[in-house]
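**Student:** Line by line, the protein sequences are chains A and B.
Okay, so the first sequence: first residue is 53 according to the working numbering, each after it adds one.
Okay, so the second sequence: first residue is 2 according to the working numbering, each after it adds one.
Beta carbons are placed, not taken as given, at the ideal position from N, Cα and C, and that holds for glycine.
Here the structure is a predicted model, which is why all the values come from computation and not from measurement.
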Amino acid sequence: MEISDNLIIKKVLEGDKEAFGELINKYSEKVYNLILRMINNSEEAKDISQKVFLRAYSYLYSFNPKQKFLTWLLRIAMNLSYDYLKKKKGQSFISFEELDFKTLQSLTQDLPKLDIETEKLIQNEIYNLKEKYRAIVILKYVDGLNYEEISGILNVSVGVVKMRIKRAKSILYKRLKPYIEGGEKDGML
Amino acid sequence: MECSKVKQFLFEYTNGDVLDNTKKLVEEHLQVCIPCEVQYSGIKNLQSLLESLMMFKMPTDLKGEILEKLNKIGFATNKFKKAIKISAAISGASLLGFLTYKILGSSRKREAKI
Chain A
53 MEISDNLIIK
63 KVLEGDKEAF
73 GELINKYSEK
83 VYNLILRMIN
93 NSEEAKDISQ
103 KVFLRAYSYL
113 YSFNPKQKFL
123 TWLLRIAMNL
133 SYDYLKKKKG
143 QSFISFEELD
153 FKTLQSLTQD
163 LPKLDIETEK
173 LIQNEIYNLK
183 EKYRAIVILK
193 YVDGLNYEEI
203 SGILNVSVGV
213 VKMRIKRAKS
223 ILYKRLKPYI
233 EGGEKDGML
Chain B
2 MECSKVKQFL
12 FEYTNGDVLD
22 NTKKLVEEHL
32 QVCIPCEVQY
42 SGIKNLQSLL
52 ESLMMFKMPT
62 DLKGEILEKL
72 NKIGFATNKF
82 KKAIKISAAI
92 SGASLLGFLT
102 YKILGSSRKR
112 EAKI
């Protein structure tokens, strides 16, 4: 039987540090993928994912058990991603790292649904979106969250979430139109 | 419903976020309008591409690395409690000093009167 997050958190707060490992096992993938696609850098994504869990541990006492732990955790992940992007914007030299999808896919045992070129194309277009739209697309389609959960993470109303999803998809649709409306779509899907 | 109106609703329609009334009107329009049907198929394709994006595994043993670092840090609440204890100790010491000064001061005055 799966132990509830609140029970694990209680154990951690009582001093059982190892219990925190259960939360890491459960959510590290979602945290890592959110950061990876937000900042487009696999090495930094790994470091920021660590920071997310360390910060969550430090501030675990302030977690409200009425909330969902994943929502709280992804909010920390999103804030740290924004901090990183803000810092990067301040640098005079901005390098654009293309994610190494071959390596990333090889580490993943699940069978990829899309080929590497398509993954790359979509990720580049997601990364080219404004941060507020990028965040929404990743939370909805990569992490698979619902409107209410996204609204809690981004601290905006459900109405704003829906509006941003529509706007983000409309931008992506325009940019990817030749691939999704034309003859190439069969090769992609 | 006109094409321009239908196109406004296509994203919500694909998400299932439209009222039954609108849903029916969009459905009827899509059956007879090829350009809108092409756009609708494109939006559906985009949706399935986004839903097919991969969930990548972490490249290293994140759990092990974090648990190792956890041993070096405590809860922020512990640090806070420690800070409160230190400030309480400082306040206590100051109060004690103040009381000692007052008591000694009044006993000296009494001695002087005698």
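For the segment 119 to 135 of chain A and the segment 70 to 88 of chain A, state whether three or more C-beta atom pairs, one from each stretch, are separated by less than 8 Å.
**Tutor:** As far as the Cβ criterion goes, the segment 119 to 135 of chain A touches the segment 70 to 88 of chain A, which means the pair count is three or higher.
**Student:** Name the chain A residues whose beta carbon is nearer than 7 Å to that of residue 53/B?
**Tutor:** Start at 1 with the first residue of the second sequence, and residue 53/B comes out as number 52. Per Cβ cutoff of 7 Å: 165, 166.
**Student:** Does any residue of chain A bring its CB to less than 7 Å from the CB of residue 68/B?
**Tutor:** By one-based count along the second sequence, residue 68/B stands at place 67. Yes, because at least one Cβ of chain A sits closer than 7 Å to the Cβ of residue 68/B.
**Student:** Alpha carbon to alpha carbon, how far is residue 9/B from residue 113/A?
**Tutor:** Residue numbering aside, residue 9/B sits at position 8 when the second sequence is read from its first letter. Residue numbering aside, residue 113/A sits at position 61 when the first sequence is read from its first letter. Answer to the nearest angstrom: the Cα atoms are 46 Å apart.
**Student:** Would you mind stating whether residue 82/A and residue 195/A have Cβ atoms separated by less than 7 Å?
**Tutor:** Mapped onto the first sequence, residue 82/A falls at position 30. Mapped onto the first sequence, residue 195/A falls at position 143. Against a cut-off of 7 Å, the Cβ pair of residue 195/A and residue 82/A comes out as a contact.
**Student:** Hey, is residue 21/B's beta-carbon within less than 7 Å of any beta-carbon in chain A?
**Tutor:** Here residue 21/B refers to the residue found at position 20 when the second sequence is read from its first residue. With 7 Å as the cut-off, residue 21/B does not count as an interface residue toward chain A.
**Student:** Within the same chain, show all residues whose beta-carbon is closer than 7 Å to that of residue 127/A, passing over the 5 residues directly before and after it, in chain order.
**Tutor:** What you label residue 127/A is simply residue 75 of the first sequence in a count that begins at 1. Closer than 7 Å at Cβ, skipping near neighbours: 205.
**Student:** Alpha carbon to alpha carbon, how far is residue 181/A from residue 124/A? Give it in angstroms, no decimals.
**Tutor:** For this step, residue 124/A is matched to residue 72 along the first sequence. For this step, residue 181/A is matched to residue 129 along the first sequence. Cα to Cα, residue 124/A sits roughly 24 Å from residue 181/A.
**Student:** Would residue 14/A and residue 64/B qualify as a contact pair, given that the criterion is a beta-carbon distance under 7 Å?
**Tutor:** Outside the shown range of chain A (53 to 241) lies residue 14/A, about which nothing can therefore be said.
**Student:** Take residue 117/A as the anchor and find which of 61/A, 208/A, 167/A, 105/A has the nearest alpha-carbon.
**Tutor:** Counting from 1 along the first sequence, the entry for residue 117/A is found at position 65. The residue with the shortest Cα to Cα distance from residue 117/A is 61/A.
**Student:** How far does the alpha helix (DSSP H) with residue 48/B in it extend, from its first residue to its last?
**Tutor:** By 1-based counting over the second sequence, the position of residue 48/B is 47. From DSSP, the alpha helix (DSSP H) with residue 48/B extends over 35 to 52.
**Student:** Quick one: measure Cβ to Cβ for residue 233/A and residue 43/B, integer angstroms, because I've assumed they're closer than 8 Å.
**Tutor:** Against the first sequence, residue 233/A aligns to sequence position 181. Against the second sequence, residue 43/B aligns to sequence position 42. Right, the Cβ-Cβ distance comes to about 4 Å (below 8 Å), so this counts as a contact.
**Student:** With a threshold of 7 Å between beta carbons, is residue 7/B in contact with chain A?
**Tutor:** Stepping through the second sequence from its first residue, residue 7/B is reached at position 6. No, its Cβ sits nowhere closer than 7 Å to a Cβ of chain A.
**Student:** Using a 10 Å radius around the Cβ and a threshold of 16 neighbouring Cβ atoms, would you call residue 170/A buried or exposed?
**Tutor:** The sequence position of residue 170/A within the first sequence is 118, counting from 1. Looking at its Cβ environment, which holds 16 or more other Cβ atoms inside 10 Å, residue 170/A is buried.
**Student:** Between residue 73/B and chain E, is the shortest Cβ-Cβ distance under 7 Å, so that the two count as touching?
**Tutor:** This model lacks chain E altogether, as its protein chains are A and B.
**Student:** Excluding the 5 residues flanking residue 4/B on each side, which residues of the same chain have their C-beta closer than 8 Å to its C-beta?
**Tutor:** Here residue 4/B corresponds to residue number 3 of the second sequence, with the count starting at 1. Excluding sequence neighbours, residue 4/B sits near 30, 34, 36, 37.
**Student:** Does any residue of chain B have a CB that is nearer than 7 Å to the CB of residue 236/A?
**Tutor:** The residue given as residue 236/A occupies position 184 in the first sequence. Reliability of the predicted coordinates at residue 236/A is poor, the pLDDT of 47 falling under 50, and the value obtained from them is presented with this limitation in mind. Judged by the 7 Å Cβ criterion, residue 236/A is not in contact with chain B.
**Student:** Quick check on the burial criterion: 16 or more other C-beta atoms within 10 angstroms. Buried or exposed for residue 102/B?
**Tutor:** Walking along the second sequence from the start, residue 102/B turns up at place 101. Counting Cβ neighbours within 10 Å, residue 102/B comes out exposed, since fewer than 16 surround it.
**Student:** Which chain B residues are close to residue 132/A, counting only those with a beta carbon under 7 Å from its beta carbon?
**Tutor:** If you number the first sequence from 1, residue 132/A lands on position 80. Residues of chain B passing the Cβ test: none, with the nearest at roughly 14 Å.
**Student:** So the candidates are 51/B, 110/B, 69/B; which of them puts its Cα closest to the Cα of residue 116/B?
**Tutor:** The structure shown does not extend to residue 116/B, since chain B spans only 2 to 115, so no value can be given for it.
**Student:** Using beta carbons (cut-off 7 Å, strictly below), is residue 85/A in contact with chain B?
**Tutor:** Along the first sequence, read from residue 1 onward, the residue named residue 85/A stands at position 33. Yes - at least one Cβ of chain B is within 7 Å of the one on residue 85/A.
**Student:** Which same chain residues end up closer than 7 Å to residue 202/A when comparing Cβ atoms and leaving out the 5 residues on each side of it in sequence?
**Tutor:** Taking the first sequence and counting its residues from 1, one reaches residue 202/A at position 150. Cβ neighbours of residue 202/A beyond the five flanking positions: 188, 191, 192, 213.
**Student:** Can you tell me which of the three DSSP states residue 104/B falls into?
**Tutor:** The residue you call residue 104/B lines up with position 103 of the second sequence. DSSP places residue 104/B in helix when its eight states are reduced to three.
**Student:** Quick check: is the beta carbon of residue 185/B nearer than 7 Å to any beta carbon in chain A?
**Tutor:** With chain B represented from 2 up to 115, any question about residue 185/B goes unanswered, as that position is not in the structure.
**Student:** By the 8 Å beta-carbon criterion, what residues does the segment 27 to 46 of chain B contribute toward chain A?
**Tutor:** Listed by position, the residues of the segment 27 to 46 of chain B near chain A (Cβ gap below 8 Å) are 39, 40, 42, 43, 44, 46.
**Student:** Going by DSSP in three states, residue 118/A sits in which element: helix, strand or coil?
**Tutor:** Taking the first residue of the first sequence as position 1, residue 118/A is located at position 66. Residue state, collapsed to three classes: coil.
**Student:** Which residue wins for smallest C-alpha separation from residue 101/A, given the options 141/A, 110/A, 115/A, 79/A?
**Tutor:** As a position in the first sequence, residue 101/A is number 49, starting the count at 1. If we check each option's Cα against that of residue 101/A, 79/A comes out closest.
**Student:** Cβ atoms of residue 103/A and residue 71/B: under 7 Å apart, would you say?
**Tutor:** Mapped onto the second sequence, residue 71/B falls at position 70. Mapped onto the first sequence, residue 103/A falls at position 51. Taking 7 Å as the Cβ cut-off, residue 71/B and residue 103/A do not qualify as a contacting pair.
**Student:** Identify whether residue 23/B lies in helix, strand or coil by the three-state DSSP scheme.
**Tutor:** Numbered from 1 along the second sequence, position 22 holds the residue referred to as residue 23/B. Reduced to three states, the DSSP call for residue 23/B is helix.
**Student:** Suppose you measure from the CA of residue 48/B to the CA of residue 11/B; what does that come to, to the nearest Å?
**Tutor:** The count along the second sequence starts at 1 and reaches residue 48/B at position 47. The count along the second sequence starts at 1 and reaches residue 11/B at position 10. For residue 48/B and residue 11/B, the distance between alpha carbons rounds to 12 Å.
**Student:** Buried or exposed for residue 56/B, going by 16 or more other Cβ atoms inside 10 Å?
**Tutor:** Counted from its first residue, the second sequence places residue 56/B at position 55. Exposed, because fewer than 16 other Cβ atoms sit within 10 Å of the Cβ of residue 56/B.
**Student:** Verify the CB distance criterion: does residue 73/A have a CB-CB separation below 7 Å to chain B?
**Tutor:** By one-based count along the first sequence, residue 73/A stands at place 21. True, the Cβ-Cβ gap to chain B drops below 7 Å.
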